[in-house]
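Chains as they are written, first to last, in my numbering: chain G, 1 to 327; chain W, 1001 to 1166.
Heads up, the beta-carbon is just placed ideally off N, CA and C, and yes, glycines get one too.
All figures in this text were calculated on a predicted structure; none of them were measured in a lab.
Following this line, the structure appears as structure tokens:
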């Protein structure tokens, strides 16, 4: 765990060190509430004490309940309103969001603004749009400070409510210029299309002013260069230091190459691939059967590029977590 | 037929942990209580039809609580982000001071995250769930869950002074 992750862990661990205010949750009151629809003490629910009294009355079926009874026998009188049905826990599916659905997977990573490819921060963070279709708001986030705007969507199309000028982005010139383009694109938006995981915002003339991909479609790096490495180039191989046979190993290097190393048996080393820029680690995904693991670097700050020659990433699995080391 | 004893045992065994999970998402105790109560009250009539395997049952309830938290926040529209005083005063670790400062920064950052993103981070670093389980709890794809968490981490890094975090 790195320090950023540790910071969240420490922050959240605080909650374990404080007593929970308010009364403990009582199963009997909760069960009764499922019939009465009223909340019990502790929350903001209205008429809290009355709710408890009403709940207990419902449980007993009569107002003059005998409190010495075991609560379970009282609970047995709670009317069960709905027939039992098997709950369905939705599992991730590979299907793309339906056409013209703004929410989709809720986060759209911007890949192009006004015909210009999106610029990311040094940590690889790109701008994104996050729609809340309930509140009719859209959050523009990414490498610049987040900003939230309203929007209107109807048969006539889509319009964003921009009640301010373009937000700044500090002294980062490229990102600030991109923020201006993003803001102009949002101001010009009159319609949109959303199919196959790609959201396109269109202006009044029907021209695309912004293109974004949902998370499943991002990143879309360019294919790895093929061929024999000339002298002086960087070549990276993969060593599977685990006891599992991997069906696929895929690496996306910071210079944009996506290399598919194919199957890799346990304790075997792949052949090397020529890449543009590589550090001591990279984005990496391995698959074994139906399971897959991803190593996702946050950034490459402080890392020095690997020099020309042969390098090997060693893949290890520790407590179910994937790690990558340079051998 | 509702498994009454099972329901009672589950509530008694897990309500504290679920309340703490809820308060990290809602950032105040009254809403946390409301959310957990909403979840249990909705689950009670069909308790007997929940998965029998303890881990799956717990995951199912956790997802209900997370959804209830998000519903509570949505209904309130203006999300209360005031820090519970108790949490601010509670020690993180005896020392070092840097860890405390980092945790403070993480806590402040959570106030500015969207509820869904905050829920993802809480599930990752408080409930210690993997991305597949976070995705199941949030009803989204694993890639989306990962994206929520990674963005929060990246944002935390950028909001701290240079060198404060390695």
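Not one beta carbon of chain W lies nearer than 8 Å to the beta carbon of residue 154 of chain G. Around residue 1012 of chain W, the beta-carbon contacts reaching into chain G at under 8 Å are 27. Sorting G/276, G/291, G/320 by C-alpha distance to the C-alpha of residue 309 of chain G places G/276 at the top.
Between the alpha carbons of residue 186 of chain G and residue 133 of chain G lies a gap of roughly 17 Å.
Judged by beta-carbon spacing, residue 4 of chain G lies within the 8 Å limit of residue 1153 of chain W, meaning their Cβ atoms are closer than that value. In terms of CA proximity to residue 169 of chain G, G/146 leads the group G/191, G/163, G/146, G/157. If the five residues before and after residue 158 of chain G are omitted, its C-beta is found closer than 8 Å to the C-beta atoms of 102, 151, 152, 189, 190, 191, 192, 201, all from its own chain and listed in chain order. One alpha carbon belongs to residue 1149 of chain W, the other to residue 1009 of chain W, and they sit about 33 Å apart.
Looking from the CA of residue 126 of chain G, the closest CA among G/206, G/141, G/116, G/136 belongs to G/141.
Proximity of residue 315 of chain G to chain W, defined by a Cβ-Cβ separation below 8 Å, is not satisfied.
Spanning the alpha carbons of residue 31 of chain G and residue 1034 of chain W requires a straight line of approximately 14 Å. Under the DSSP assignment, residue 112 of chain G falls in the beta strand (DSSP E) whose first and last residues are 107-113. Cβ-Cβ distances below 6 Å link residue 1070 of chain W to 1115 in the same chain, with the five nearest sequence neighbours on each side left out; the list follows chain order.
For residue 318 of chain G, the enclosing beta strand (DSSP E) stretches over residues 309-318. Against chain G, the beta carbon of residue 1026 of chain W has no neighbour under 8 Å; the closest one sits roughly 10 Å away.
Under the three-state reduction of DSSP, residue 242 of chain G is assigned to coil, being neither helix nor strand. Sequence-distant Cβ neighbours of residue 266 of chain G in its own chain, meaning closer than 7 Å and more than five residues away, are 240, 242, 243, 244, 245. With respect to the C-alpha of residue 136 of chain G, the residue from G/120, G/160, G/111 having the closest C-alpha is G/160. Proximity to residue 28 of chain G across W/1055, W/1057, W/1138, W/1037 peaks at W/1037, based on C-alpha coordinates. Within the same chain, no Cβ atom closer than 8 Å to the Cβ of residue 1075 of chain W is found once the five residues on either side in sequence are excluded.
The C-alpha of residue 290 of chain G is placed about 28 Å away from the C-alpha of residue 327 of chain G. Residue pairing by DSSP puts residue 130 of chain G in a beta bridge opposite G/107, G/139. Residue environment analysis places residue 304 of chain G among the exposed positions, since fewer than 16 neighbouring C-beta atoms fall within 10 angstroms of its C-beta. Under the 8 Å criterion on CB atoms, residue 1008 of chain W is classed as interfacial with respect to chain G. For residue 1006 of chain W, the enclosing alpha helix (DSSP H) stretches over residues 1004-1026. Secondary structure at residue 174 of chain G: helix, using DSSP grouped into helix, strand and coil. At a cut-off of 8 Å between beta carbons, residue 1102 of chain W contacts chain G. Between residue 4 of chain G and chain W, the shortest Cβ-Cβ separation is below 8 Å. For residue 150 of chain G, the beta-bridge partners assigned by DSSP are G/137, G/161. Collapsing the DSSP output to three states places residue 264 of chain G in a strand. The C-beta separation of residue 10 of chain G from residue 1102 of chain W comes to about 7 Å, placing the pair in contact by the 8 Å criterion. The beta-carbon of residue 1061 of chain W is placed no less than 8 Å from the nearest beta-carbon of chain G. Relative to residue 312 of chain G, the option among G/235, G/254, G/260 whose CA is nearest is G/235.
Proximity of residue 1073 of chain W to chain G, defined by a Cβ-Cβ separation below 8 Å, is not satisfied. The beta carbon of residue 1123 of chain W sits no closer than 8 Å to any beta carbon of chain G.
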